[in-house]
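> Residue numbers (my numbering): 21 to 396.
Ideal Cβ placement from N, Cα and C applies to all residues, glycine included.
All values reported here derive from a predicted model rather than from experimental measurement.
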Amino acid sequence: MESRNSQTGNHLLRLVIATCFLLIAVAAAWRVGTVAIFALSAKTQPGAHAVVLEITKGLGPNEIAERLRSEGLISDPQLFLRLGRWMRQWKNIKAGEYQINPSMTPLQIFSIITSGVSVNRPLVIREGQNIFEIATEIELRGFGPKSRFIELCRDPRFIANSWAAAGMKERAPSTLEGYLFPDTYFLNKRVPLEEIARRMVKRFASAWSDNERLRAAEIGFAARDVITLASMIEKETGAAHERPVISSVFHNRLKKKMRLQSDPTTIYGIWEQFSGNLKKSDLHTSTPYNTYSIRGLPVGPISNPGKEAILAALYPRETEYLFFVSRNDGTHEFTRTFEEHAEAVRRFQMDPAARRGKSWRDLHTKPASGRDLGTP
Numbered sequence: 021m022e023s024r025n026s027q028t029g030n031h032l033l034r035l036v037i038a039t040c041f042l043l044i045a046v047a048a049a050w051r052v053g054t055v056a057i058f059a060l061s062a063k064t065q066p067g068a069h070a071v072v073l074e075i076t077k078g079l080g081p082n083e084i085a086e087r088l089r090s091e092g093l094i095s096d097p098q099l100f101l102r103l104g105r106w107m108r109q110w111k112n113i114k115a116g117e118y119q120i121n122p123s124m125t126p127l128q129i130f131s132i133i134t135s136g137v138s139v140n141r142p143l144v145i146r147e148g149q150n151i152f153e154i155a156t157e158i159e160l161r162g163f164g165p166k167s168r169f170i171e172l173c174r175d176p177r178f179i180a181n182s183w184a185a186a187g188m189k190e191r192a193p194s195t196l197e198g199y200l201f202p203d204t205y206f207l208n209k210r211v212p213l214e215e216i217a218r219r220m221v222k223r224f225a226s227a228w229s230d231n232e233r234l235r236a237a238e239i240g241f242a243a244r245d246v247i248t249l250a251s252m253i254e255k256e257t258g259a260a261h262e263r264p265v266i267s268s269v270f271h272n273r274l275k276k277k278m279r280l281q282s283d284p285t286t287i288y289g290i291w292e293q294f295s296g297n298l299k300k301s302d303l304h305t306s307t308p309y310n311t312y313s314i315r316g317l318p319v320g321p322i323s324n325p326g327k328e329a330i331l332a333a334l335y336p337r338e339t340e341y342l343f344f345v346s347r348n349d350g351t352h353e354f355t356r357t358f359e360e361h362a363e364a365v366r367r368f369q370m371d372p373a374a375r376r377g378k379s380w381r382d383l384h385t386k387p388a389s390g391r392d393l394g395t396p
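This is the structure in structure tokens:
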């Protein structure tokens, strides 16, 4: 009797143990199944807008999972944490900016954030921007401090290294002004400022070929002179068809040994103190860029010209023009003589409301007896 009871008890014990194991197995299978379904299930259907997720150095699994949830990229942070542990992926997460679409599965998300391949952002450098304006754009886009970029553009050792790396034949300049080629650069946020500047110089080198060198020699210009003139043309007009004509004015004045009297060069010389309005006193401020006081070209470029402005500097239109004045619509009135120029100034610039042109400062006024038209 006792033996039978003992057998029954053992049977019940085995049944209980088997049931427990079964429940544990079912629970484990359920958990595995839940994570597996989660791993292969996207939060939304295709067509949703992508999100750029930044993972900074030192960000932990909990913060990453919560950030993914808050951006609408995953539905359950805890399941995402569990998936990462099972896959042993948390140690492989790399800092960077990643473009993730809500239609991606958690498995695909892990594949992206462990790749280390950050999303590229466009950095647009426009024709005619100078190093100060480029540095400001770089800082606004989150690539680094503008002060550091300006320092690099003036650092002799960095300039020499960048110049040599780009394969330039000419002697390295004293500043990278003029040689940061305008273009759209696709960069990830973590790219060093040194690399950004090097890419711009390399892009310039590809635009300054032996054809340009030969043409510069034909017209008696050094490479720096061409880029300096092109940088002035770029600042003087935004109208593409005017560039060769503006170039002809400067070429003609250089041949006649006339001062170039270009406002943009004068402004560049006082850039860090410039208030936004060019005053008469500014025209008398002595700088190597003030073409109201010096003869010939300024000491170097005042902006970073594009290919079309460089070609305009090399191939000026055949004209007899010596003057131009703004028509206040983005174009200019070109004239041959100072008398014609004075008349154009009266037409387009003597109205104070319209005085936004370049060349009205060629006119000198007498406060008591009216206007006295001086000579350039």
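1) Among residues of its own chain, excluding the 5 on either side of residue 263, which ones have a beta-carbon nearer than 7 angstroms to its beta-carbon?
2) When we look at the beta-carbon of residue 292 and count the other beta-carbons within 10 Å, is it buried (16 or more) or exposed?
3) If you reduce the DSSP assignment to three classes, tell me which class residue 94 lands in.
4) Measure the CB-CB distance between residue 209 and residue 138 and report whether it falls below 8 angstroms.
5) Just to confirm before moving on: does the CB-CB distance between residue 248 and residue 336 stay below 8 angstroms?
6) What's the C-alpha gap between residue 312 and residue 305?
7) What does DSSP give as the partner residues of residue 312 in its beta bridges?
8) Measure the C-alpha to C-alpha separation of residue 109 and residue 134 and round it to an integer number of angstroms.
9) Within the continuous alpha helix (DSSP H) that includes residue 142, where are the two ends?
10) Which of the three DSSP states, helix, strand or coil, is assigned to residue 276?
11) Looking only at its chain, what residues have a beta carbon closer than 8 angstroms to the beta carbon of residue 268, apart from the 5 residues adjacent to it on each side?
12) With C-beta atoms as the reference, is residue 213 less than 8 angstroms away from residue 168?
13) CB-CB under 7 angstroms to residue 218, same chain, minus the five flanking residues each way: which ones, in chain order?
14) Taking the continuous beta strand (DSSP E) assigned at residue 120, which residues delimit it?
15) Using the Cβ count rule (16 or more neighbours within 10 Å means buried), how would you classify residue 92?
16) List the whole-angstrom C-beta distance separating residue 115 from residue 100, where the pair is believed to meet the contact cut-off of C-beta under 8 angstroms.
17) What residue does the beta strand (DSSP E) around residue 288 start on, and which one ends it?
18) For residue 90, count the other beta carbons within 10 Å of its own beta carbon; 16 or more makes it buried, fewer makes it exposed. Which is it?
19) Going straight from the alpha carbon of residue 277 to that of residue 316, what length do you get?
20) Where do the ends of the beta strand (DSSP E) carrying residue 12 lie?
21) Beta-carbon within less than 7 angstroms of residue 438's beta-carbon, same chain only, minus the 5 sequence neighbours each way: which residues are those?
22) So, with DSSP's three-state summary, where would you put residue 207?
23) Should residue 147 and residue 326 be called a contact, given that it needs their Cβ atoms to be closer than 8 angstroms?
24) With a CB to CB cut of under 7 angstroms and the five nearest residues on each side skipped, what residues in its chain are close to residue 155?
25) As a quick exercise: from 97, 202 and 79, pick the residue whose alpha carbon is nearest that of residue 157.
26) So, residue 120 versus residue 132, is the Cβ gap smaller than 8 angstroms?
27) Answer with buried or exposed for residue 289, where buried requires no fewer than 16 other C-beta atoms within 10 angstroms of its C-beta.
28) Need the endpoints of the beta strand (DSSP E) that residue 345 sits in, please.
29) Can you tell me whether DSSP reads residue 349 as helix, strand or coil?
30) Looking at the unbroken alpha helix (DSSP H) that takes in residue 183, where does it start and where does it end?
31) Between residue 228 and chain B, is there a C-beta pair that is closer than 8 angstroms?
32) Output yes or no for whether 8 angstroms exceeds the beta carbon distance between residue 150 and residue 324.
33) Under 6 angstroms Cβ to Cβ from residue 235, same chain only, skipping five residues before and after it: list those, please.
34) Is the CB-CB distance between residue 142 and residue 195 below 8 angstroms?
35) Can you name the residues that DSSP bridges to residue 354?
36) For residue 344 and residue 239, which I take to be in contact (beta-carbon distance under 8 angstroms), what is that distance rounded to the nearest angstrom?
So, to answer that:
1) Along the sequence shown, one-based indexing puts residue 263 at 243. Answer for residue 263: 253, 257, 328, 329 and 332, listed in chain order.
2) Taking the first residue of the sequence shown as 1, we reach residue 292 at position 272. That one is exposed.
3) To locate residue 94, count along the sequence shown from 1; it is residue 74. Residue state, collapsed to three classes: coil.
4) Residue mapping note: residue 209 aligns to position 189 of the sequence shown, counting from 1. Residue mapping note: residue 138 aligns to position 118 of the sequence shown, counting from 1. Against a cut-off of 8 angstroms, the Cβ pair of residue 138 and residue 209 comes out as a contact.
5) By one-based count along the sequence shown, residue 248 stands at place 228. By one-based count along the sequence shown, residue 336 stands at place 316. No; because the gap between Cβ atoms is not below 8 angstroms, this pair is not in contact.
6) Position 292 of the sequence shown holds residue 312. Position 285 of the sequence shown holds residue 305. Whole-angstrom Cα-Cα distance: 9 angstroms.
7) In the sequence shown, the residue the question calls residue 312 occupies position 292. The partner list for residue 312 (beta bridge, DSSP) is empty, contrary to what the question assumes.
8) To locate residue 109, count along the sequence shown from 1; it is residue 89. To locate residue 134, count along the sequence shown from 1; it is residue 114. Spanning the two alpha carbons is a distance of roughly 8 angstroms.
9) Translated into positions along the sequence shown, residue 142 becomes position 122. From DSSP, residue 142 is part of no alpha helix (DSSP H) but of the beta strand (DSSP E) over 141 to 144.
10) Numbered from its first residue, the sequence shown carries residue 276 at position 256. DSSP places residue 276 in coil when its eight states are reduced to three.
11) Within the sequence shown, residue 268 is the residue found at index 248, counting from 1. Cβ within range, chain order: 336, 337, 338, 339 and 341.
12) The count along the sequence shown starts at 1 and reaches residue 213 at position 193. The count along the sequence shown starts at 1 and reaches residue 168 at position 148. Yes, the Cβ-Cβ distance between residue 213 and residue 168 is below 8 angstroms.
13) On the sequence shown, position 198 is the one that residue 218 refers to. Counting only Cβ-Cβ distances below 7 angstroms, and skipping sequence neighbours, we find 182 and 185.
14) Start at 1 with the first residue of the sequence shown, and residue 120 comes out as number 100. Looking at the DSSP string, the run of the beta strand (DSSP E) that includes residue 120 is 116 to 120.
15) Sequence index remark: in the sequence shown, residue 92 carries index 72 (1-based). Under this definition residue 92 is an exposed residue.
16) Counting from one through the sequence shown, the residue named residue 115 turns up at place 95. Counting from one through the sequence shown, the residue named residue 100 turns up at place 80. That pair is no contact at about 18 angstroms.
17) Translated into positions along the sequence shown, residue 288 becomes position 268. First-last for residue 288: 283 to 289, but that is the alpha helix (DSSP H), not the beta strand (DSSP E).
18) Sequence index remark: in the sequence shown, residue 90 carries index 70 (1-based). Exposed, by the Cβ-count rule.
19) Position 257 of the sequence shown holds residue 277. Position 296 of the sequence shown holds residue 316. Rounded to whole angstroms, residue 277 to residue 316 spans 7 angstroms at the Cα level.
20) There is no way to answer for residue 12, as the model of the chain reaches only from 21 to 396.
21) Absent from the model: residue 438. The displayed extent of the chain is 21 to 396, so no value can be given.
22) Reading the sequence shown from its first residue, position 187 is the one you call residue 207. Residue 207 falls in the strand class under three-state DSSP.
23) As a working note, residue 147 is residue 127 in the sequence shown. As a working note, residue 326 is residue 306 in the sequence shown. For residue 147 and residue 326, yes; Cβs fall inside 8 angstroms.
24) For this step, residue 155 is matched to residue 135 along the sequence shown. Answer for residue 155: 166, 169 and 170, listed in chain order.
25) In the sequence shown, the residue the question calls residue 157 occupies position 137. The residue with the shortest Cα to Cα distance from residue 157 is 202.
26) Working through the sequence shown from its first residue, we reach residue 120 at position 100. Working through the sequence shown from its first residue, we reach residue 132 at position 112. It is a contact, given that the beta carbons lie within the stated cut-off.
27) The residue labelled residue 289 in the question sits at position 269 within the sequence shown. Buried: at least 16 other Cβ atoms inside 10 Å.
28) In the sequence shown, the residue the question calls residue 345 occupies position 325. Looking at the DSSP string, the run of the beta strand (DSSP E) that includes residue 345 is 343 to 346.
29) As a working note, residue 349 is residue 329 in the sequence shown. DSSP places residue 349 in coil when its eight states are reduced to three.
30) As a working note, residue 183 is residue 163 in the sequence shown. 176 to 185 is the extent of the alpha helix (DSSP H) around residue 183.
31) In summary, chain B is missing from the structure at hand, where a single protein chain is found.
32) Indexing the sequence shown from 1 puts residue 150 at position 130. Indexing the sequence shown from 1 puts residue 324 at position 304. Yes, these two residues count as a Cβ contact at 8 angstroms.
33) Translated into positions along the sequence shown, residue 235 becomes position 215. Around residue 235: 334.
34) Position 122 of the sequence shown, counted from the first residue, corresponds to residue 142. Position 175 of the sequence shown, counted from the first residue, corresponds to residue 195. No, they are not a contact pair.
35) Taking the first residue of the sequence shown as position 1, residue 354 is located at position 334. Answer by DSSP bridge pairing, in chain order: 344.
36) Locating residue 344 in the sequence shown gives position 324, where the first residue counts as 1. Locating residue 239 in the sequence shown gives position 219, where the first residue counts as 1. The pair is not a contact, with the Cβ atoms about 21 angstroms apart (cut-off 8 angstroms).
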